[in-house]
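Report on one structure; see the data block that follows.
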Amino acid sequence: GMAALEIVRRRRVDVPFFLVSGTMGEELVVDAMKAGAHDYVTKGKLTRLVPAIERELREAGIRRDHRHAQERFRRAFEGSPIGMALVYPDGTFFHVNRALAEMLGYTEDELRGRTIRELTHPDDLQLSLEMVRDCLSGKLGQLQFEKRYLHRDGHVVWVQISTSTLRDSA
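Numbering (the numbering used here), first residue to last: 288 to 457.
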């Protein structure tokens, strides 16, 4: 069983893995669970196996759906002809797409870590910061406004900003 589990782990196959044994010591069970087994059943309690398999198959389906959703988002984000960015609450870009980078004259790597403050035209900075603050505070759910960014070479780039705040459980 442990050899089979190692093969599954090495190949990164996302399937529920159960150990079934006539006798299993506590040490083997702990080692198997640490190695990635989803559950274990002794041969005398095989009736536990069906509910455990059903539970794990449901959870595997949820994980698969989540991975597919992440992949669809990544492809839509990266392939969009519209400039897009994910920005931390402090205004730092942590993910940008190629369209935004090209629009502003930077590479994607050069934009990551820069802030909205650095790229916004000075005459638009105060309004931009107020709008973002209102969005983060919950006063506004979404924002849409025009503003100016500064291209890497210094010329003005007018943009239509559409933004919303994504919150997690924390």
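By construction, the Cβ of each residue, glycine as well, lies at the ideal position given by its N, Cα and C atoms.
- Boundaries of the beta strand (DSSP E) around R435: 429-437.
- Where D421 is concerned, the enclosing alpha helix (DSSP H) starts and stops at 412-424.
- In this structure the segment 359-371 does not touch the segment 322-335; the number of beta carbon pairs closer than 8 Å is below three.
- Distance check between F304 and each of Q413, A347, D411 places A347 closest, using alpha-carbon atoms only.
- Residue range 289-297 is occupied by the alpha helix (DSSP H) that includes A290.
- Fewer than three pairs of CB atoms, one per stretch, sit closer than 8 Å, so the segment 420-432 makes no contact with the segment 393-407.
- Burial of D326 is indicated by the presence of at least 16 other C-beta atoms within 10 angstroms of its C-beta.
- Of the candidates R351, R454, L391, V307, the residue whose Cα lies closest to the Cα of R439 is L391.
- One alpha carbon belongs to M371, the other to E433, and they sit about 15 Å apart.
- Closest option to V300, judged by alpha-carbon separation, among V307, K332, R350: R350.
- In the structure shown, D326 adopts extended strand secondary structure according to DSSP, grouped into three states.
- Residues of the same chain with a CB within less than 7 Å of the CB of T452, apart from the 5 flanking positions on each side, are C422, L423 in chain order.
- Taking N384 as reference, the option from P376, Y375, K330, P368 with the minimal CA-CA separation is P368.
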